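The structure under discussion appears below in the form of structure tokens.
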Amino acid sequence: MPSLIERVLTWFGVDDPWERPRPAIGRQDVVLAAGVEAVSLLALELVRSSGGLENTDVPVWTEWFAVSTGAVLLLGRRRWPLTIALLAALHMFVAGVTMPEVMGQLSLQIIYFVALLSGVAWARDRRAMALVVCSIVLFMFAWLTWQFALGSAVQEWLDEEDLSETTGVFAPIPAAITITLLINAIYFGGAIAGGGVSWRAARQRARLEDQALTIAGQAGRLREQAVVDERLRIARDLHDVVAHGVSAMGIQAGAARRVLDRDPDAARTALSHVEEASRDAVTQMRRLLGTLREGGGEGADDGSGARTTDAGIDDIPRLVAEVHGQGLTVSLDVVEEQDGAASRLPRGIGLAVFRTVQEALTNVRRHSTADTVSVVVRVDEHAYAEVEVVDNGRPRHGTSGSGLGQLGIRERAATHEGQVDIGPRVTGGYRVRVRYPLGASS
Numbered sequence: 025m026p027s028l029i030e031r032v033l034t035w036f037g038v039d040d041p042w043e044r045p046r047p048a049i050g051r052q053d054v055v056l057a058a059g060v061e062a063v064s065l066l067a068l069e070l071v072r073s074s075g076g077l078e079n080t081d082v083p084v085w086t087e088w089f090a091v092s093t094g095a096v097l098l099l100g101r102r103r104w105p106l107t108i109a110l111l112a113a114l115h116m117f118v119a120g121v122t123m124p125e126v127m128g129q130l131s132l133q134i135i136y137f138v139a140l141l142s143g144v145a146w147a148r149d150r151r152a153m154a155l156v157v158c159s160i161v162l163f164m165f166a167w168l169t170w171q172f173a174l175g176s177a178v179q180e181w182l183d184e185e186d187l188s189e190t191t192g193v194f195a196p197i198p199a200a201i202t203i204t205l206l207i208n209a210i211y212f213g214g215a216i217a218g219g220g221v222s223w224r225a226a227r228q229r230a231r232l233e234d235q236a237l238t239i240a241g242q243a244g245r246l247r248e249q250a251v252v253d254e255r256l257r258i259a260r261d262l263h264d265v266v267a268h269g270v271s272a273m274g275i276q277a278g279a280a281r282r283v284l285d286r287d288p289d290a291a292r293t294a295l296s297h298v299e300e301a302s303r304d305a306v307t308q309m310r311r312l313l314g315t316l317r318e319g320g321g322e323g324a325d326d327g328s329g330a331r332t333t334d335a336g337i338d339d340i341p342r343l344v345a346e347v348h349g350q351g352l353t354v355s356l357d358v359v360e361e362q363d364g365a366a367s368r369l370p371r372g373i374g375l376a377v378f379r380t381v382q383e384a385l386t387n388v389r390r391h392s393t394a395d396t397v398s399v400v401v402r403v404d405e406h407a408y409a410e411v412e413v414v415d416n417g418r419p420r421h422g423t424s425g426s427g428l429g430q431l432g433i434r435e436r437a438a439t440h441e442g443q444v445d446i447g448p449r450v451t452g453g454y455r456v457r458v459r460y461p462l463g464a465s466s
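Residues in the sequence shown are numbered from 25 upward in steps of one, following the numbering used here.
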């Protein structure tokens, strides 16, 4: 178990390799020093006018010089903290010996306090800081101890000569020196502790900034990886779409060839199907390639890692059934303007709707307090296909995601020129709604 001294040194960062950046002397330092000097000189003359400096026999310019040089020390309190702390201690000693009434002015006491606090707060070499601060404190208290010893000797002489008048429990001179000692203990202790708190706060801010940069870098790498994964997934979808279209064209072309001579009408019908399949395949290929050029989002494989490139709206009931009962009550409604419109959706649109529902339900399970989810699919084969997933929960504390799932929804919608609305509802809960225009997909 570390000793008390070791814990104190650790608290002040004596063995910490971090070095606090020290700014150059700037405008705020000049303004501070000038302001303190003006206020200090005004306070000095007010005290003089009230008779508080009657026992000071040094020239007035010396008093002004002492106050002004003390204020000037504040200029370099952050740039050269230990040097300023030592100069402030020297200034206090010289002024205290030659003109104690001036040294006791509140303005100078504040200057000495700030100088010592800055020495602890801004020193980059923490071992040198500990040495300098200890030296200042020991010197000051040695000076006070000498005054105490001298005062005690004077008090004994007064007592022997019956010249002392005691009005309280303690003798006057030792009492005055003792209260001075206590005040200085609080004074120096407060400056040192305040400097330590300031240094530790700056250290913590630096750590948080480093962590933020690390997290940002990791998030960027994860996002890039998600884009790569989605591109690969879209490439698989492209393969499936094109392969399906080419296979259909091959079958219809073969049928047309077989019946071309004996049934021209059937051949024309088969060739029209080839034309339609080719247009659909080209349209899907162009959109998927456009997404590959612009980037992708998070993947949407199912929970088992199996591929879902053949999934569509007909597979959504199975998906809902898997989630229903795992702490969630999930309802599904499929609204069709025309009978069988959902089953006639283009293959790419059906897959996009399925993946949207899949990702939305995954986010509800992982990041929401919801216990009820509503899934609604609306299809008007002459206008649009829309999917809406609404829950009644709030974001669960401590489970914020990376946002890559929603990015995947948006990128997949962009593939089909869809419109996305994702976010909390005013009435409570969370909504994911995506509308795919069917006119552009046919």
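Backbone N, C-alpha and C fix where the C-beta goes; we use that ideal spot for every residue, glycine too. For clarity, every value in this text was computed on a predicted model and none was experimentally measured.
- Look up Arg455 in the DSSP assignment and say whether it is helix, strand or coil. strand
- Item | Enclosing alpha helix (DSSP H) for Pro45 [first to last residue] | From DSSP, Pro45 is part of no alpha helix (DSSP H); its letter is neither H nor E.
- Task: In the DSSP assignment, find the unbroken beta strand (DSSP E) run with Asp53 in it and report its ends.
- Result: It is not in any beta strand (DSSP E) - Asp53 instead sits in the alpha helix (DSSP H) that spans Arg51 to Ser73.
- Query: Where are the beta strand (DSSP E) runs, 3 residues long or more, that stay fully inside the stretch 122-163, in chain order?
  - Reply: none
- Find the nearest neighbour of Leu114 within the set Leu99, Glu125 and Leu140, judged by alpha-carbon distance. Leu140
- Item | Classification of Gly364 by the beta-carbon crowding that lies within 10 angstroms, buried from 16 upward | exposed
- When DSSP labels each residue in this structure, what does Ser27 get in the three-state scheme? coil
- Message: Just to confirm before moving on: does the CB-CB distance between Ala95 and Ser64 stay below 8 Å?
- Response: yes
- In its own chain, which residues sit with a C-beta less than 6 Å from the C-beta of Ala330, not counting the 5 before and 5 after it? Because Ala330 carries a pLDDT of 40, less than 50, the predicted location of this residue cannot be relied on, and no value is offered for it.
- Note down, in chain order, each residue of its chain lying with its Cβ closer than 7 Å to the Cβ of Thr122, except the 5 sequence neighbours on either side. Val82
- Message: Spatial neighbours of Gln276 within its chain, please: C-beta separation below 8 Å, excluding the five flanking residues on both sides.
- Response: Ala294, Leu295, His297, Val298 and Ala301
- Integer Cβ distance of Val377 from Ala345, believed to fall under 8 Å: Between Ala345 and Val377 the Cβ distance is about 17 Å, and since that is not below 8 Å, they are no contact.
- Message: Quick check: the Cα distance between Val306 and His440, rounded to an integer number of angstroms?
- Response: 13 Å
- Task: Output the residue ranges of the beta strand (DSSP E) runs that lie fully inside the stretch 211-256 and measure 3 residues or longer, sorted by chain position.
- Result: none
- Counting pairs of Cβ atoms below 8 Å between the stretch 162-169 and the stretch 238-250, do you hit three or more? no
- Task: Assign Leu343 to one of two classes, buried (16 or more other C-beta atoms within 10 Å of its C-beta) or exposed (fewer than that).
- Result: buried
- Outcome for Arg150 when other beta-carbon atoms lying within 10 angstroms are tallied against a minimum of 16: buried
- Query: Taking just the CA atoms, how far does Arg449 sit from Gln228?
  - Reply: 37 Å
- Message: Give me the residue from Leu205, Ala217 and Phe89 with the minimum Cα distance to Ser142.
- Response: Ala217
- Where Arg379 falls, given that 16 or more other Cβ within 10 Å makes a residue buried: buried
- Could you name the residues of the same chain whose beta carbon sits closer than 7 Å to that of Gly220, not counting the 5 residues immediately before and after it, in chain order? Trp35, Phe36 and Val144
- Query: Between which two residues does the alpha helix (DSSP H) harbouring Arg390 extend?
  - Reply: Arg371 to His391
- Would you list, in sequence order, the uninterrupted alpha helix (DSSP H) runs of no fewer than 4 residues that lie entirely inside the stretch 393-454? 428-439
- Message: Restricting to Cα atoms, I'd like to know which of Thr86, Asn416, Arg224 and Glu361 is closest to Pro41.
- Response: Arg224
- Task: Kindly indicate which three-state DSSP category Asp357 falls into: helix, strand or coil?
- Result: strand
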